[in-house]
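Per full-length UniProt numbering, the sequence shown starts with residue 1, numbered consecutively. The beta-carbon is built from N, C-alpha and C at its ideal position, and this holds for glycine as well.
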Amino acid sequence: MNTLTIEDKYWDDAVVGEECISPPYAVTEARVMAYADLTGDHTPVHTDEAYARTTPFGTRVAHGLFGLSIADGLKTRSDMRFMPGMSLGWEWSFVAPIKLGDTVRVRFRVETKRESKSKPGWGILVLPSELINQRDEVVQKGEHRVMVPRRPA
């Protein structure tokens with residue numbers, strides 16, 4: 001998907017109940033290792049296949065926070081991409097492992113929207129989200145609260 005063809009949406013464009021599924025993202029060894037290098041988290045279950053085979057996962061798995069990062073990034077590549085705003089927080093659960101070789105997408109929707117009481121010209125969206133693998137299994141889920149600009153007058 002070419003991100004240049006996606007039109008950023010203002011808070012006013014958000015429709016409660018609207019749902020979107022992002023393009024896919026391949027969880028490769030190179031990406032997991034780059035994340036390990038970036039964060040300094042070289043826990044062997046993520047970086048050492050021989051060690052990971054001895055764990056309940058039976059193979060290497062991606063870092064949990066890498067999954068959350070992927071979910072956040074995939075939202076910006078979706079057809080329901082909002083104007084740059086401010087993240088107000090995440091509530092997030094790790095449901096199942098993300099294995100190297102998985103391909104994930106994020107499915108999200110607009111649950112609620114309200115005008116900001118403290119920042120005129122902005123609105124708040126609550127976006128329940130699920131990170132799903134190639135078998136449509138939910139591997140992570142939660143919600144993102146985000147403040148988005150209103151359409152200029």
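Cα-Cα, which of the options is closest to residue i?
{"i": "V138", "options": "M147, V16 and R107", "result": "R107"}
{"i": "P97", "options": "P24, V148 and L68", "result": "L68"}
{"i": "V95", "options": "S87, D136 and A153", "result": "D136"}
{"i": "W11", "options": "L125, L131, I132 and N133", "result": "L125"}
When the distance is taken between beta carbons, is residue j closer than 8 Å to residue i?
{"i": "residue 162", "j": "Q140", "result": "In the structure displayed, the chain extends from 1 to 153; residue 162 sits before or after that span and is not available."}
{"i": "K117", "j": "M147", "result": "no"}
{"i": "L127", "j": "R109", "result": "yes"}
{"i": "M83", "j": "P149", "result": "yes"}
{"i": "I6", "j": "R53", "result": "no"}
How many angstroms separate the CA atom of residue i from the CA atom of residue j?
{"i": "R77", "j": "E49", "result": "31 Å"}
{"i": "G17", "j": "T112", "result": "8 Å"}
{"i": "H46", "j": "L88", "result": "29 Å"}
{"i": "P24", "j": "T103", "result": "6 Å"}
{"i": "D13", "j": "L100", "result": "37 Å"}
{"i": "W92", "j": "V32", "result": "20 Å"}
{"i": "D8", "j": "V27", "result": "26 Å"}
{"i": "S129", "j": "K75", "result": "9 Å"}
{"i": "G121", "j": "M86", "result": "13 Å"}
{"i": "R145", "j": "D37", "result": "29 Å"}
{"i": "N133", "j": "G73", "result": "16 Å"}
{"i": "F57", "j": "E115", "result": "44 Å"}
{"i": "V15", "j": "I21", "result": "15 Å"}
Given a threshold of 16 other Cβ atoms within 10 Å of its Cβ, counted over all protein chains shown, does residue i qualify as buried or as exposed?
{"i": "G123", "result": "buried"}
{"i": "A34", "result": "exposed"}
{"i": "E143", "result": "buried"}
Nearest chain C C-beta to residue i closer than 8 Å, yes or no?
{"i": "G89", "result": "Here chain C cannot be found, since the structure has a single protein chain."}
Inset, instruction - Say whether the segment 37 to 46 touches the segment 60 to 67, bearing in mind that this needs 3 or more beta-carbon pairs closer than 8 Å, one atom from each stretch. - result: yes
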